[in-house]
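As structure tokens, the structure follows; a few thoughts come after it.
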Amino acid sequence: MHGLIFTSFGAFVASEYPSVAAEVWKNERHLINEAYSDEEFDAIVTRTVELSGDPRATVLRRFGIFAGVSTFRLLYPDYYAEHGDTFSFLLDIEQRIHEVVRGTVPLAAPPHLDIRALSGGGVSITYTSSRALCQLLEGLVVGVARFYGDAVLIEQPLCMHRGDAAGCTFFVTPAPGARV
């Protein structure tokens, strides 16, 4: 996993769980431009869950919101500026961000996202990753929607955590009465 995720998670824990941050990060050192094992990230998330008392899904979703509003906005300001809403942002992310990361950052392996426009507005996202961090993706979508001021509905009819072998599928649509 890319060091950026570790660095961002550190900022998230310091912001959202300040009373346990020092214990979560005790003896941990991660550089933003290095790659680390998935097991290392899982251990840090597990410590955060144990020390905070929040369920794993909640921690991951909250981290996704944090990263969508702050970390990735600061890392990719031009990408955020180029898009006027959540849906155009999401439609380009696999090609414009993930493919670039895969090609330029050694050992980086972002999830594969198959994102398609829906005929009635919104997008479908199929998430494929052995990391099973779909709650993080959901949080990222919420964070991006907050950044753009979009009200969205997120449905997840398929989820690997519920035993669906094909990965996770999300439908992200404008909330009734929301601007698109």
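Position one of the sequence shown corresponds to residue 26 (the working numbering), numbered consecutively onward.
Where a beta carbon is used, it is the ideal one built from N, C-alpha and C, also for glycine.
Given the structure is predicted, the values throughout are model-derived calculations rather than measurements.
{"Query": "Among residues of its own chain, excluding the 5 on either side of proline 136, which ones have a beta-carbon nearer than 6 Å to its beta-carbon?", "Result": "Tyr152 and Ser154"}
{"Query": "Would you check if the region 83-90 and the region 33-51 touch, i.e. whether three or more CB-CB distances between them fall below 8 Å?", "Result": "yes"}
{"Query": "To which residues does DSSP link arginine 72 through a beta bridge?", "Result": "Answer is none; arginine 72 lacks a bridge partner."}
{"Query": "Among the candidates Glu59, Phe66 and Asp139, whose CA atom is the shortest distance from the CA of proline 120?", "Result": "Residue identity check: residue 120 is glutamine in the sequence provided, not proline. Nearest C-alpha to glutamine 120: Asp139."}
{"Query": "Sort out for me which residues DSSP pairs proline 199 with in a bridge.", "Result": "Val177"}
{"Query": "Can aspartate 175 and threonine 96 be called in contact, C-beta distance under 7 Å?", "Result": "no"}
{"Query": "Secondary structure at leucine 183, three-state DSSP: helix, strand or coil?", "Result": "strand"}
{"Query": "Locate the beta strand (DSSP E) running through alanine 142, then write down its first and last residues.", "Result": "137-142"}
{"Query": "Do alanine 200 and valine 177 count as a contact pair if the criterion is CB distance below 7 Å?", "Result": "yes"}
{"Query": "In three-state DSSP terms, what is isoleucine 57?", "Result": "coil"}
{"Query": "On the DSSP bridge list, what partners appear for threonine 96?", "Result": "BP columns for threonine 96 are empty, so no partner."}
{"Query": "Starting from serine 149, follow the beta strand (DSSP E) in both directions and report where the run begins and ends.", "Result": "148-153"}
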